[in-house]
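Chemist: A single structure is presented below for examination.
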Amino acid sequence: MAFTINQLLKSFVKYLPAITAIITFLPLPVKAATFLVTERAGLGGNDQVDWGSLGKVFNPSDRNFSAFLPNSFLATSQGGLGLDINIAPTNNPGITPPFVFQTLPSPGIRTNFAKGDFILFGGIDPTGFIPLPPDTPDPGTNGNGGPFTISFAQPVFGAGTQIAVDISNLKVETFLTAFDNANNLLGSFSVPNISSLALDNSAVFLGIRSDTPNISRLVFSSSAPQYGLAINQVSIIAVPEPTYTLVILAFGVSGAVLQLRQRT
Numbered sequence: 008m009a010f011t012i013n014q015l016l017k018s019f020v021k022y023l024p025a026i027t028a029i030i031t032f033l034p035l036p037v038k039a040a041t042f043l044v045t046e047r048a049g050l051g052g053n054d055q056v057d058w059g060s061l062g063k064v065f066n067p068s069d070r071n072f073s074a075f076l077p078n079s080f081l082a083t084s085q086g087g088l089g090l091d092i093n094i095a096p097t098n099n100p101g102i103t104p105p106f107v108f109q110t111l112p113s114p115g116i117r118t119n120f121a122k123g124d125f126i127l128f129g130g131i132d133p134t135g136f137i138p139l140p141p142d143t144p145d146p147g148t149n150g151n152g153g154p155f156t157i158s159f160a161q162p163v164f165g166a167g168t169q170i171a172v173d174i175s176n177l178k179v180e181t182f183l184t185a186f187d188n189a190n191n192l193l194g195s196f197s198v199p200n201i202s203s204l205a206l207d208n209s210a211v212f213l214g215i216r217s218d219t220p221n222i223s224r225l226v227f228s229s230s231a232p233q234y235g236l237a238i239n240q241v242s243i244i245a246v247p248e249p250t251y252t253l254v255i256l257a258f259g260v261s262g263a264v265l266q267l268r269q270r271t
C-alpha cells in the first residue's frame, strides 16, 4: 500500500508544472460582479503606477517643452505590470500635449490633490502656465478633458485613481468605464466632482473592483471635456504571477508527501 501511494505522489509531482499551467490558464467565467470603489484604501491595491516614474515632469516656470508626452505612451507599474495609456487628442490646436506635473504650493501648480503628488494632465491653453498666487480665483482656462484610456497588459481584479477637472467651484460628473479583453462592458460609474486649488487631497477617488481578474481596460472622462482632466497615481489589484501559484502548489504537495511518508 505504501509503495502505491509513493508511486502516485511521484507521478503527481512529475506532472505538477503541467497541472499548474492548466489551473492558471483555465478560462474565467464570462460574467463577474463589479462594483464602484470611492476610497483608495477600500480598493486594497497591491500595485501602483506613479506618473513621476515616466521621467518627464513639466515645470511651468522653466517651460521645458521636451517634457510633454505623446497622446499614447507606455508605462510600467511598480510590480512590473505593463500599461498602455491613451489620451484622446483635443480638436483645439491651442491646447498643449499631455504632461506630468508635481502639484505644489505657489509658485507651483495648485490642485486639490495632495501636495507633492505627480499628476497626469491632458493638456491646457498655454496661458494657464502662469502660476496663480494664493486666493486668486480660478480663471477657467480651457484644456484637454480626455477621455483617458488605460489598458493593462494582463487583466486585473481592480484599479482606480483620484480624478479632478481643471475648473474650480463647478460641479461636474466624472466617469469610469471598464471593459474586459474581449471589449465586453464590465461596468460604468459616475461620481459628482468639484475641484479646487486647496492642495487638501480632496480629489475624489474613482475605482472599480471585480470578483475575477477580468478588467483589461479603464476609461476616465468628465461631463466638462473643455477643461483639462487630471489623475494622480493609479492603484491596482494585480494578479500574482503564475510562478507564485506554482511555488504555493509545490510547497503544499511537498508537505503532503512528507506527511504520507511519515505515516507509511
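Following the numbering used here, the numbering of the sequence shown begins with 8 at its first residue and continues without gaps. Where a beta carbon is used, it is the ideal one built from N, C-alpha and C, also for glycine.
I believe I170 touches V226 by the beta-carbon criterion, under 8 angstroms. Please report the beta-carbon distance rounded to the nearest angstrom.
Modeler: Numbered from its first residue, the sequence shown carries residue 170 at position 163. Numbered from its first residue, the sequence shown carries residue 226 at position 219. Contact doesn't hold; Cβ gap of about 12 angstroms is too wide.
Chemist: What do you get for G73, buried or exposed, if any count of 16 or more other CB atoms within 10 angstroms of its CB means buried?
Modeler: On the sequence shown, residue 73 is found 66 positions in, with the first residue counted as 1. It is Ser, not Gly, that sits at residue 73 in the sequence shown. Around the beta carbon of S73, fewer than 16 other beta carbons lie within 10 angstroms, which makes this residue exposed.
Chemist: Under a Cβ-count criterion, where at least 16 other Cβ atoms within 10 Å of its own Cβ denotes burial, should Q161 be classed as buried or exposed?
Modeler: Locating residue 161 in the sequence shown gives position 154, where the first residue counts as 1. Taking all protein chains in view, the Cβ of Q161 is surrounded by fewer than 16 other Cβ atoms within 10 Å, so the residue is classified as exposed.
Chemist: Answer with buried or exposed for D142, where buried requires no fewer than 16 other C-beta atoms within 10 angstroms of its C-beta.
Modeler: Taking the first residue of the sequence shown as 1, we reach residue 142 at position 135. D142 comes out exposed.
Chemist: So which of D57, T97, V64 has the shortest CA-CA distance to A82?
Modeler: The sequence position of residue 82 within the sequence shown is 75, counting from 1. Checking every option, the nearest Cα to that of A82 belongs to D57.
Chemist: Have a look at L206 and E180 and give me their C-alpha separation to the nearest angstrom.
Modeler: Looking up residue 206 in the sequence shown gives position 199. Looking up residue 180 in the sequence shown gives position 173. If I take the Cα positions, the gap works out to 20 angstroms.
Chemist: Could you tell me which residues DSSP pairs with A210 in its beta bridges?
Modeler: Within the sequence shown, numbered from 1, the residue matching residue 210 stands at position 203. Beta-bridge pairing links A210 to no other residue.
Chemist: Just verifying my parser: in three-state terms, what is the DSSP assignment at P133?
Modeler: Along the sequence shown, one-based indexing puts residue 133 at 126. Residue state, collapsed to three classes: helix.
Chemist: Have a look at L213, I222, D187, P140 and flag the residue whose alpha-carbon is nearest the alpha-carbon of S228.
Modeler: Looking up residue 228 in the sequence shown gives position 221. Per the Cα distances, L213.
Chemist: Name the one or two DSSP bridge partners that I174 has.
Modeler: As a working mapping, residue 174 is identified with position 167 in the sequence shown. Looking at the DSSP assignment, I174 forms no beta bridge with any residue, so it has no partner.
Chemist: For K63 and L193, what's the separation of their Cα atoms in angstroms?
Modeler: The count along the sequence shown starts at 1 and reaches residue 63 at position 56. The count along the sequence shown starts at 1 and reaches residue 193 at position 186. Near 33 angstroms, if we compare the C-alpha coordinates of L193 and K63.
Chemist: Can you give me the start and stop residues for the alpha helix (DSSP H) that L50 sits inside?
Modeler: The count along the sequence shown starts at 1 and reaches residue 50 at position 43. 47-50 is the span of the alpha helix (DSSP H), which, as asked, contains L50.
Chemist: Would you mind sorting N239 into buried or exposed? The rule is 16 or more other CB atoms within 10 Å of its CB.
Modeler: As a position in the sequence shown, residue 239 is number 232, starting the count at 1. Looking at its Cβ environment, which holds 16 or more other Cβ atoms inside 10 Å, N239 is buried.
Chemist: So, are the CB atoms of I94 and G129 less than 8 angstroms apart?
Modeler: Here residue 94 refers to the residue found at position 87 of the sequence shown. Here residue 129 refers to the residue found at position 122 of the sequence shown. Yes.
Chemist: Cα-Cα, which of S242, V241, G235 is closest to G101?
Modeler: Working through the sequence shown from its first residue, we reach residue 101 at position 94. Selection S242, V241, G235 evaluated against G101 yields G235 as nearest (Cα-Cα).
Chemist: State the Cα-Cα distance for the pair P166 and G52, rounded to the nearest angstrom.
Modeler: On the sequence shown, position 159 is the one that residue 166 refers to. On the sequence shown, position 45 is the one that residue 52 refers to. Inspection of the sequence shows that residue 166 is occupied by Ala rather than by Pro. Computed Cα separation, rounded: 7 angstroms.
Chemist: Determine the contact status of P104 and F125, defining contact as a CB-CB distance below 8 angstroms.
Modeler: As a working note, residue 104 is residue 97 in the sequence shown. As a working note, residue 125 is residue 118 in the sequence shown. Going by C-beta atoms, P104 is not nearer than 8 angstroms to F125.
Chemist: Between which residues of its own chain and A237 is the CB-CB distance below 6 angstroms, once the five residues before and five after are set aside?
Modeler: Translated into the one-based positions of the sequence shown, residue 237 becomes position 230. Closer than 6 angstroms at Cβ, skipping near neighbours: I126, F128, A171.
Chemist: The beta strand (DSSP E) spanning N200 covers which residue range?
Modeler: Within the sequence shown, residue 200 is the residue found at index 193, counting from 1. 192-200 is the span of the beta strand (DSSP E), which, as asked, contains N200.
Chemist: Among all the DSSP beta bridges, which residues are the ones paired with V226?
Modeler: Taking the first residue of the sequence shown as position 1, residue 226 is located at position 219. BP columns for V226 point to T156, T184.
Chemist: In this structure, what does DSSP give as the bridge partners for V246?
Modeler: Here residue 246 refers to the residue found at position 239 when the sequence shown is read from its first residue. The partner list for V246 (beta bridge, DSSP) is empty, contrary to what the question assumes.
Chemist: How is the beta strand (DSSP E) around N78 delimited, first residue to last?
Modeler: Working through the sequence shown from its first residue, we reach residue 78 at position 71. First-last for N78: undefined, no H or E at that position.
Chemist: In angstroms with no decimal places, state the Cα-to-Cα distance between K178 and S230.
Modeler: Within the sequence shown, residue 178 is the residue found at index 171, counting from 1. Within the sequence shown, residue 230 is the residue found at index 223, counting from 1. Straight-line Cα distance between these residues: approximately 9 angstroms.
Chemist: Of the choices N190, P247, A185, I174, whose alpha-carbon is the least far from that of F196?
Modeler: On the sequence shown, position 189 is the one that residue 196 refers to. For F196, the nearest C-alpha among the options comes from A185.
Chemist: In chain order, what residues of the same chain lie with their CB nearer than 6 angstroms to the CB of G59, ignoring the 5 residues before and after it?
Modeler: For the purposes of this step, residue 59 is taken as the residue at position 52 of the sequence shown. Apart from sequence neighbours up to five positions away, the residues of its chain that approach G59 with a beta-carbon distance below 6 angstroms are F125, ordered along the chain.
Chemist: Just to confirm my understanding: we take V37, look at its own chain, exclude 5 residues before and 5 after, and list those with CB closer than 7 angstroms. What are they?
Modeler: Position 30 of the sequence shown holds residue 37. Caution is warranted here: a pLDDT of 48 is assigned to V37, below 50, making its placement in the model unreliable, and the coordinate value is therefore given only provisionally. None.
Chemist: Determine the DSSP secondary structure at S60, reduced to helix, strand or coil.
Modeler: The count along the sequence shown starts at 1 and reaches residue 60 at position 53. If DSSP states are grouped into helix, strand and coil, S60 belongs with the helices.
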